[in-house]
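Asker:
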Amino acid sequence: MTQFLDSISAAARLAPESGIVELVNRGRLREGLLPLWVGEGDLPTPAFIVEALQASLKRGETFYTWQRGIPALREALARYHARHFGRDFAADRFIVTGSGMQAIQLAIRALAGHGDEALYLTPAWPNFAAAAALQGVVPVPVPLEWTAQGFRCDLARLKDAVTPRTRILFLNTPANPSGWTADLETLAEILALARARGLWIIADEIYNRFYFGDDAARAPSMFDVMQPDDRVIFVNSFSKNWAMTGWRAGWIVTPPELGQVFENLVQYSTSGVPQFIQAGAVAALDEGDAFVDFQVARARQARDILMGVLGASNRVTCVPPDGAFYLYFSVDGWPDGRAAAIDLLDKTGLGLAPGTAFGAGTEGFMRLCFARDLAHIRDGASRLQSWLAG
3 MTQFLDSISA
13 AARLAPESGI
23 VELVNRGRLR
33 EGLLPLWVGE
43 GDLPTPAFIV
53 EALQASLKRG
63 ETFYTWQRGI
73 PALREALARY
83 HARHFGRDFA
93 ADRFIVTGSG
103 MQAIQLAIRA
113 LAGHGDEALY
123 LTPAWPNFAA
133 AAALQGVVPV
143 PVPLEWTAQG
153 FRCDLARLKD
163 AVTPRTRILF
173 LNTPANPSGW
183 TADLETLAEI
193 LALARARGLW
203 IIADEIYNRF
213 YFGDDAARAP
223 SMFDVMQPDD
233 RVIFVNSFSK
243 NWAMTGWRAG
253 WIVTPPELGQ
263 VFENLVQYST
273 SGVPQFIQAG
283 AVAALDEGDA
293 FVDFQVARAR
303 QARDILMGVL
313 GASNRVTCVP
323 PDGAFYLYFS
333 VDGWPDGRAA
343 AIDLLDKTGL
353 GLAPGTAFGA
363 GTEGFMRLCF
373 ARDLAHIRDG
383 ASRLQSWLAG
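Numbering (the numbering used here), first residue to last: 3 to 392.
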């Protein structure tokens, strides 16, 4: 009834629906469905992580806990970062959150207010823009440039988007949905812009370990170019690396001076992450490198299988992604990615996400998540090949 809708806040009323849900609702009950539309792998959480959670429950660790995260987890985060970024990290830089999504929400809340602006590169995972808008912050999309080598960041375009009201530059690299991955030179240029204009960078490096660009074990990071006094806050999640999407656990890396600020924000939102969840997260960080390496190797194989099919078709525009675990591609003759995704679903049972879910400018694209068993990937490649030939 409209009188109820009219009486709630405009921000809540205008919060966008997921652009993927329409496809999911259309095909979720279809027999023979191969769902590659969401950003989630097919593996369950490894047993060593589950067992750590179970042991915590058996110890009766079900009470209120540390707002910033239990010391054991914050120390494990410090060890993990030291191992992968080649420098020491103090445990007091880490804040445990109830998912990467909450980490983003708290970072926005700490850095910007009503009417301030937040820049972000598109195509983009839509949740950042929606989270900003819900808090009264104006999300400002800045399109990546499409080239024969894939997407690239046009720094001049990014500079032109900065206004006196800009407070945040949200940087997701490797990126969802495009797989675009900033190199060290680009990261340094973006950091220089933020320094010159007094902006905060929210660095979303959730796919940092899913990197295929060279023999490195991770993608280039803002950690590689920044100084301790730079205005950078990192947001991350346990979801992708350790197959923990349903656990809803993440973290923030912040200058130590902001620790109390973020503790307060946690207090007035969730009051902390359950201790038994955090016990599992400790095991993921300390014992999970081999599992992450396995997932990354499998994703690389999956990417190459799919590129073999797409590359053989003269109808497809696609470049192998350097990072994350998505193919973002368009098909000649289908300028509307939503219509293409619906046709593909209806004719083959292959479920992909339409480009319309990821912002203006790449509506003709579709996204395929390839963090899957290779048998599923070969099946998906076969269905794609059949559809392209039709």
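Every residue gets a Cβ at the ideal spot worked out from N, C-alpha and C, and that includes glycine.
Along the chain, where does the beta strand (DSSP E) containing P145 start, and where does it finish?
Answerer: Here the beta strand (DSSP E) through P145 covers 140-145.
Asker: Going along the chain, which residues of its own chain have a beta-carbon closer than 8 Å to the beta-carbon of W249, five neighbours each way excluded?
Answerer: T47, F240, S241, I279, G282, A283
Asker: So the candidates are L370, L346, G357, G21; which of them puts its Cα closest to the Cα of A389?
Answerer: Just to set this straight, residue 389 is Trp in the shown sequence, not Ala. Across the set L370, L346, G357, G21, the C-alpha of L346 shows the shortest separation from the C-alpha of W389.
Asker: Would the stretch 351-370 and the stretch 322-342 be scored as touching if the rule is three or more Cβ pairs under 8 Å?
Answerer: yes
Asker: So does the stretch 293-309 actually touch the stretch 367-382, counting three or more Cβ pairs closer than 8 Å?
Answerer: yes
Asker: Could you tell me which residues DSSP pairs with M368 in its beta bridges?
Answerer: Answer is F331, P356, bridged to M368.
Asker: What are the start and end residues of the alpha helix (DSSP H) that includes I51?
Answerer: 49-60
Asker: Is any beta-carbon of chain C found at less than 9 Å from that of V23?
Answerer: In the structure shown, chain C cannot be found, because there is only a single protein chain.
Asker: Could you check how far apart the C-beta atoms of L45 and A245 are, in whole angstroms? I think they sit under 8 Å.
Answerer: 5 Å
Asker: Which residue spans inside the stretch 272-310 form an unbroken alpha helix (DSSP H) run of at least 4?
Answerer: 277-289
Asker: Please name the residue in V98, D334, H378, F360 whose C-alpha comes closest to that of A391.
Answerer: D334
Asker: Tell me whether W389 sits in a helix, a strand or coil according to DSSP, three-state version.
Answerer: helix
Asker: In chain order, what residues of the same chain have a beta carbon less than 7 Å from the beta carbon of Q303, not counting five sequence neighbours either side?
Answerer: L376
Asker: With DSSP run on the structure shown, which of helix, strand or coil describes G102?
Answerer: helix
Asker: Go through its chain and collect everything with a Cβ distance to A17's Cβ below 8 Å, but skip five positions before and after it.
Answerer: A132, A135, L136
Asker: Would you call the CB atoms of Y330 and G215 closer than 9 Å?
Answerer: no
Asker: What do you reckon, are the CB atoms on V98 and I72 nearer than 9 Å?
Answerer: yes
Asker: Please identify the residue among A343, D156, Q104, L108 whose C-alpha is closest to the C-alpha of Y122.
Answerer: When only C-alpha atoms are compared, the closest one is D156.
Asker: What are the boundary residues of the beta strand (DSSP E) that includes L45?
Answerer: First-last for L45: undefined, no H or E at that position.
Asker: Below 8 Å on the Cβ atoms is my contact criterion, and I expect G274 with A105 to pass it. Report the Cβ-Cβ distance as a whole number of Å.
Answerer: Not really, about 14 Å apart at Cβ, beyond 8 Å.
Asker: Taking 9 Å as the cut-off, decide whether the C-beta atoms of D206 and F264 are in contact.
Answerer: D206 places its beta carbon 9 Å or farther from that of F264.
Asker: Could you name each continuous beta strand (DSSP E) segment of 3 residues or more that falls completely within the stretch 78-129, going from the start of the chain to the end?
Answerer: 96-99, 119-124
Asker: So within the stretch 154-207, which uninterrupted beta strand (DSSP E) runs reach at least 3 residues, ignoring any that extend past its ends?
Answerer: 168-174, 202-206
Asker: Quick one: is P125 buried, meaning 16 or more other Cβ sit within 10 Å of its Cβ, or exposed?
Answerer: buried
Asker: What does a CB cutoff of less than 6 Å around R76 pick up in its chain, not counting 5 residues either side in sequence?
Answerer: A93, F96
Asker: Is it true that the CB of V139 sits closer than 9 Å to the CB of D118?
Answerer: Taking 9 Å as the Cβ cut-off, D118 and V139 qualify as a contacting pair.
Asker: Along the chain, where does the beta strand (DSSP E) containing F236 start, and where does it finish?
Answerer: 234-239
Asker: What residues in its chain sit with their C-beta under 6 Å from that of D288, if we drop five residues either side in the sequence?
Answerer: So the list reads A78, once near-sequence residues are dropped.
Asker: Buried or exposed: which applies to Y270, given that a residue is buried once 16 or more other Cβ atoms fall within 10 Å of its Cβ?
Answerer: exposed
Asker: Here's the rule: buried if 16 or more other CB atoms are within 10 angstroms of the residue's CB, otherwise exposed. What is I10?
Answerer: exposed
Asker: Here's a check: name, in chain order, each residue in its chain whose Cβ is nearer than 7 Å to the Cβ of G366, leaving out the five neighbours to either side.
Answerer: S332, W336, P337, D338, G339, G357
Asker: List the endpoints of the continuous alpha helix (DSSP H) containing V26.
Answerer: 23-29
Asker: Check whether the stretch 194-208 and the stretch 53-63 touch, using three or more Cβ-Cβ pairs below 8 Å as the test.
Answerer: no
Asker: For L16, which of helix, strand or coil comes out of DSSP?
Answerer: coil
Asker: Going by other Cβ atoms of all chains shown within 10 Å of its Cβ, with 16 needed for buried, is F296 buried or exposed?
Answerer: exposed
Asker: When you compare only the Cα positions, how much space is there between Y82 and A218?
Answerer: 16 Å
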